[in-house]
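This report concerns only the one structure given below.
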Amino acid sequence: MTDPRAIPVRPARWITFLAATAAMTAAVTLPARAADFSGETIEIIVPASEGGGTDFWGRFYVPVLQDYLPGNPTVVVRNMGGGGHTIGGNFFANNAEPDGLMLLASSGTGHFNYLLGDSRVQYEFNDMVSVAGSPVGGVMYVSGDLGAESAGEVADLEGVTLRYGSQGPTSQDLLSFYALEQIGIMAQPIFGMGGRSDARLAFERGDLNIDYQSTFSYIDNVQPLVEQGDAVPIFTFGLLNDEGVLVRDPAFPDIPHYGEVYEQVNGAPMSGQVEEVYMSFFTAGFGAQKLLSMPAATPADIVDAYNEAMLTAKADPAFQERREEVLGPYPQFMGPAAERMKQIATSVSPEAKSAVAEWLAERFDATVN
Amino acid sequence: MLDQALAALGTLLSGTHLLHLLVGVGIGIIVGILPGLGGTAGMALLLPFVFGMDPASALATMIGLLAVLATADTFTSVLMGIPGSAGSQATVMDGFPLARAGKGRQALAAAFAASLIGGLLGALALTGFVQIARPLVLMFGAPELLMLTVFGLSMVGVLSGGNWLRGLAACGLGLLLGNIGPAPATGHMRLTFDSIYLSGGLPLVVLALGLFALPEIVDLLSRTGAIALRAAALRSGWLQGLRDTLCHWALVRRSALIGCIVGAIPGLGGAVVDWIAYGTAVQAARDKSRFGKGDIRGVIAPEAANNAKEGGALVPTLIFGIPGSGGTAVLLGGLVLIGIQPGPRMVTQDIDTVYLIIWSLALANVIGAMVCIGITPLVSRVTEINYAILAPAMIAIVMFGAFQATRNWGDLIAVVLIGVTAFVFKRMHWPRPPLLIGFVLAGGAEVYLYQSVQLYGMEWLGRPIVLILIALTAVSVFFGARSKVSTETGVDSGDGLARRPGRVAQTALTVAVAAVGAAAIADAWNIPWISRLFPFVVGSAVIAFAALSLLPEWRVPALSSPGQPVFEPRNVRHFGWIVGLLGLTAAIGFLPSVFLFSTAFLLAEARIRPLPAMAMAAAIIGVLWTLGYALTIRFPAGLVNLWF
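Quick mapping for you: the protein sequence lines, in order, are chains A and B.
Using our numbering, the first residue of the first sequence is number 4, and each one after it goes up by one.
Using our numbering, the first residue of the second sequence is number 104, and each one after it goes up by one.
Pasting the structure below:
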């Protein structure tokens with residue numbers, strides 16, 4: 004932007020130089036004209052380091068925004084990892100102006116820390132409006148050696164320790180432990196896994212005998228095991244349809260979702276606190292695993308421009324094809340649908356929250372920071 | 104198999120694939136040279152472009168970048184004593200003393216030759232290994248990884264600078280620093296002192312730059328002249344370097360093997376492979392007297408290993424979809440973007456893709472090494488420039504590199520604090536490599552011990568590979584205990600008899616180290632036992648080793664002289680410059696601050712006239728700005744942002 008050669012060559016003139024720089028910067032950062040992003044730079048804050056799922060997701064939307072927003076702005080990703088996604092989330096909360104020029108790409112980890120009331124969290128989802136969101140699926144499976152074919156049979160096994168590899172009780176595994184416990188499966192946690200792929204490797208080694216993987220990882224690496232009889236799927240976490248109802252995962256139409264399995268084992272569908280905890284943590288971790296949001300105070304014309312861009316993208320076959328390759332066979336929540344998902348994913352009653360905290364302390368000796 | 108391999112080579116050599124490979128190699132060399140930017144950042148940079156490419160070209164670009172990082176990161180390690188990336192820290196140990204002795208070209212040539220051969224051996228290992236690796240990789244469970252971690256820790260013996268008590272205390276300190284953040288089992292925060300920055304753990308890049316780069320810069324500034332104390336050796340220096348590597352063929356082969364194995368086993372992390380290769384090189388050498396003072400073998404071993412590591416790391420990436428290093432983690436995502444799904448089907452259905460990757464790896468290694476050797480004569484001139492002129496650029500690059508760790512102000516503050524502490528360590532002849540090894544292996548040591556006991560009780564000790572690794576560790580400890588190697592590189596080596604700070608200062612530092620151990624114990628006092636155990640054991644060990652290390656200090660009669668002060672006035676002044684840059688950045692942002700800082704520094708310290716000083720300062724920010732623009736990298740922001 005500034006040519007280094009333009010620096011004044013006479014000594015003691017650097018003050019002039021700085022003043023000139025300041026003037027130029029001021030000229031560049033004039034407020035955005037309503038709903039036209041020509042010449043603007045939009046920044047997507049990714050609260051995780053380069054290379055992870057959240058980073059890929061954020062980068063997936065870079066060309067989408069560039070192509071479909073009015074004025075074809077430049078879109079850049081800014082990775083700010085650390086602190087369980089709170090550093091980037093807090094940065095966004097403290098720095099984003101209501102001008103549509105800074106977005107937050109949040110994901111399950113950041114949603115969980117928010118839901119659990121982690122003291123590091125300074126971001127408030129109620130103060131944000133989401134314009135895009137993506138679900139992800141997950142399949143729970145057990146070792147073929149157990150001889151069990153369904154969740155009910157697993158629950159009935161006697162004298163078998165079910166070992167589950169976990170990144171920590173307050174990570175997304177919280178949902179796994181909670182959901183399994185509600186259908187009578189008390190999995191023993193093996194903590195210290197670096198990620199889901201570590202757990203999968205340990206499962207393949209035979210160190211673990213129960214595990215879940217998200218959609219792509221399951222298809223690529225677990226399905227071959229299922230074909231050999233080394234692994235047996237027992238349920239998927241399901242998918243939320245546009246009305247917010249739990250349905251079967253379209254990637255795995257033959258595998259029952261958790262709601263079905265729960266009803267089978269307990270004789271009645273989920274209800275009350277169990278339903279509330281499952282649905283909110285499920286949505287935070289799977290149903291709306293990724294959300295793209297901006298400050299809620301953003302003027303309507305800017306939000307509308309985003310919503311329209313997202314809906315146009317969704318209708319474009321080229322986008323559809325790319326989306327399916329990268330994000331899987333799931334409907335993307337674009338525009339107002341994303342906002343609806345955000346509300347389910349980030350709201351949990353104080354009673355349910357304290358029930359989860361108590362359960363964490365009791366079962367794992369764990370605490371929310 | 105052979106036709107498929109040849110067909111893949113044909114694909115690579117046809118069309119624009121080779122051009123894409125060259126683009127990857129070019130970016131890889133730039134990213135590799137810049138300290139702080141490693142494979143992760145480099146690969147992430149490519150991702151947006153990968154979207155639109157055809158798979159073969161995208162692969163060539165990504166592998167090209169990945170392959171040469173470990174070659175190019177040698178430049179700053181050897182010439183400036185600044186680790187170019189996490190994988191070339193050990194290269195500093197002997198590479199930098201060689202540069203100081205005017206043998207920078209020879210060291211670089213040897214390093215690049217070793218990188219080239221290591222990289223090719225890595226590609227060869229990938230070829231032979233990828234079909235049969237599955238059961239082998241699955242043999243390494245938590246107990247085996249634990250013993251590998253312990254084996255890595257046993258390198259502390261030879262890296263303790265002859266004072267193994269201090270080495271162990273420093274290693275313990277590293278283990279505690281590596282513990283910062285949420286405890287793996289219960290999520291309780293440890294040693295974060297309510298800082299959000301620390302709640303994610305201390306980044307390795309920040310620690311490495313603070314530990315090695317800043318103290319070296321300040322120390323070099325305290326004497327006038329260039330990095331090279333002697334005029335550059337003969338022009339044939341680089342030929343000598345090539346000859347060195349070929350003469351130590353057995354060392355190259357062994358180091359490359361270590362690189363492949365450590366890379367291929369997911370869970371250990373690539374950052375320690377250079378140290379393991381360096382440590383074993385020292386252990387196996389008959390004449391150890393030159394290590395740490397400029398032994399060419401100390402350059403060859405880590406460089407052969409860190410290039411071979413990438414070939415090894417691709418094994419689990421491709422057949423399990425589990426990355427073996429930071430760079431391959433991003434590669435994994437890139438593969439998915441271009442429609443290649445790593446996993447067990449890779450070696451059956453996509454074997455031609457595997458061969459394409461292998462050829463790209465081999466070719467990129469050759470091209471990368473040749474380019475690096477080609478630019479060596481030019482780049483190595485920096486060692487002949489008066490260091491006071493180089494210093495502002497060095498300081499700015501270190502800050503820039505540290506900031507890329509998490510793009511957080513905490514990075515800058517941490518790197519300066521660690522730099523000051525490391526300077527004290529250096530002055531007091533406390534070894535720093537053990538601290539780094541402890542830090543890198545901290546996570547594994549705790550988690551794998553916990554998992555081993557959880558999964559197998561005490562039976563884990565009887566597993567065959569565990570027994571082999573225990574034997575290897577015993578051998579390593581035995582050799583480590585016998586060797587006395589100076590691990591304090593840099594200025595002292597040119598100084599003849601190094602003067603040391605007095606007894607009181609030594610005692611104060613030892614007490615401070617012990618106090619960190621005590622703080623770790625106090626910090627973990629109220630958390631569940633499973634998260635408390637590790638800080639308790641390591642904290643106690645740190646206190647014990649620190650206390651024991653005082654005994655020899657107090658047994659010898661005190662020197663009559665009070666000893667050298669820890670901080671001389673000029674050291675304080677030089678650190679003052681760095682802190683000043685930090686303060687200015689907080690006020691007006693990074694680039695304007697670097698301009699003002701560099702101009703002032705060149706005027707005051709290098710005594711350059713105002714006009715050239717400003718021109719140089721402008722050139723520094725020009726280069727930084729261009730890099731920032733091309734790599735879409737952010738600079739630290741101040742309260743008032745005059746610029747970005």
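Glycine is no exception: its CB is placed at the ideal position from the N, C-alpha and C atoms.
Check	Outcome
Scan the segment 126-149 of chain B for residues whose Cβ lies nearer than 8 Å to a Cβ of chain A and list them as they occur along the chain.	T143, A144, M146, A147
Going by the CB atoms, is the gap between A716/B and T729/B shorter than 7 Å?	no
Count the other CB atoms within 10 Å of the CB of S357/A; is the residue buried (16 or more) or exposed (fewer)?	exposed
In chain order, which alpha helix (DSSP H) runs of at least 4 residues are fully inside the segment 430-510 of chain B?	449-452, 454-482, 490-506
Quick one: which chain B residues come within Cβ less than 8 Å of V329/A?	V439, L440
Ends of the beta strand (DSSP E) at T295/B?	Careful: T295/B lies outside any beta strand (DSSP E) and carries neither H nor E.
Please give me, in chain order, every unbroken run of the alpha helix (DSSP H) with length at least 4 that falls completely inside the segment 625-682 of chain B.	632-658
Return helix, strand or coil for E549/B, following the three-state DSSP convention.	helix
Got a sec, what are the start and stop residues for the alpha helix (DSSP H) V697/B sits in?	693-707
Do you know how far the Cα of R166/A is from the Cα of A369/A?	18 Å
Which term fits T590/B, buried or exposed, when burial requires 16 or more other beta carbons within 10 angstroms of its beta carbon?	Annotation note: pLDDT 49 at T590/B (below 50); position unreliable, coordinate value reported separately. Buried: at least 16 other Cβ atoms inside 10 Å.
For a contact defined as C-beta to C-beta under 8 Å, what are the partners of D368/A on chain B?	T289, P631, I633
Quick check on I492/B - is its C-beta less than 7 Å from some C-beta in chain A?	no
Which runs of the alpha helix (DSSP H), 4 residues or longer, sit entirely within the segment 92-125 of chain A?	111-118
By Cβ distance below 8 Å, which residues in the same chain neighbour A690/B in space, the five residues on each side in sequence not counted?	S696, G741, L742, V743
Taking the beta carbon of L33/A as the centre, do at least 16 other beta carbons fall within 10 Å, making it buried, or is it exposed?	Interpretation of L33/A is limited by its pLDDT of 41, a score under 50 that renders its predicted location unreliable; no figure is taken from the coordinates.
Is the distance from the Cβ of T486/B to the Cβ of I330/B below 7 Å?	yes
Hey, could you find the ends of the beta strand (DSSP E) S137/A is sitting in?	131-137
Check for me: the alpha helix (DSSP H) holding D410/B runs from which residue to which?	As written in the sequence, residue 410/B is Asn, which differs from the Asp given in the question. Taken as a continuous stretch (DSSP letters only), the alpha helix (DSSP H) holding N410/B covers 400-423.
Can you name, in chain order, every residue of its own chain whose Cβ lies under 6 Å from the Cβ of V49/A, other than the five neighbours on each side?	T57, D58, G61, V80, N82, A108
Within 10 angstroms of its Cβ, does V682/B collect 16 or more other Cβ (buried), or is it exposed?	exposed
According to DSSP, which residues form a beta bridge with I47/A?	V80/A, L106/A
Can you check which of these residues, A733/B, L227/B, A622/B, is closest to L149/B by C-alpha distance?	A733/B
Less than 7 Å between the C-beta atoms of A649/B and A311/B, yes or no?	no
Quick one: Cα of Q170/A to Cα of I299/B, how far?	19 Å
Go ahead and pull the three-state DSSP assignment for G373/B.	helix
So, do the segment 287-301 of chain B and the segment 503-514 of chain B have three or more beta carbon pairs nearer to each other than 8 Å?	yes
For R166/A, write down the residues that DSSP places opposite it in a beta bridge.	Q191/A
Have a look at E279/A and A355/A and give me their C-alpha separation to the nearest angstrom.	7 Å
By Cβ distance below 7 Å, which residues in the same chain neighbour A159/B in space, the five residues on each side in sequence not counted?	T114, H120, L459
Which same chain residues end up closer than 6 Å to P236/A when comparing Cβ atoms and leaving out the 5 residues on each side of it in sequence?	V142, Y144, I258
Any beta carbon from chain B within less than 7 Å of T173/A's own beta carbon?	yes
Among all the DSSP beta bridges, which residues are the ones paired with Q216/A?	V142/A
Since R208/B contacts W352/B with CB under 8 Å, what's their CB separation in whole angstroms?	Wrong, their Cβ atoms sit about 21 Å apart, outside the cutoff.
Under DSSP, the beta strand (DSSP E) around T239/A begins and ends at which residues?	234-239
Whose Cβ in chain B lies nearer than 8 Å to the Cβ of F219/A?	V439, Q444
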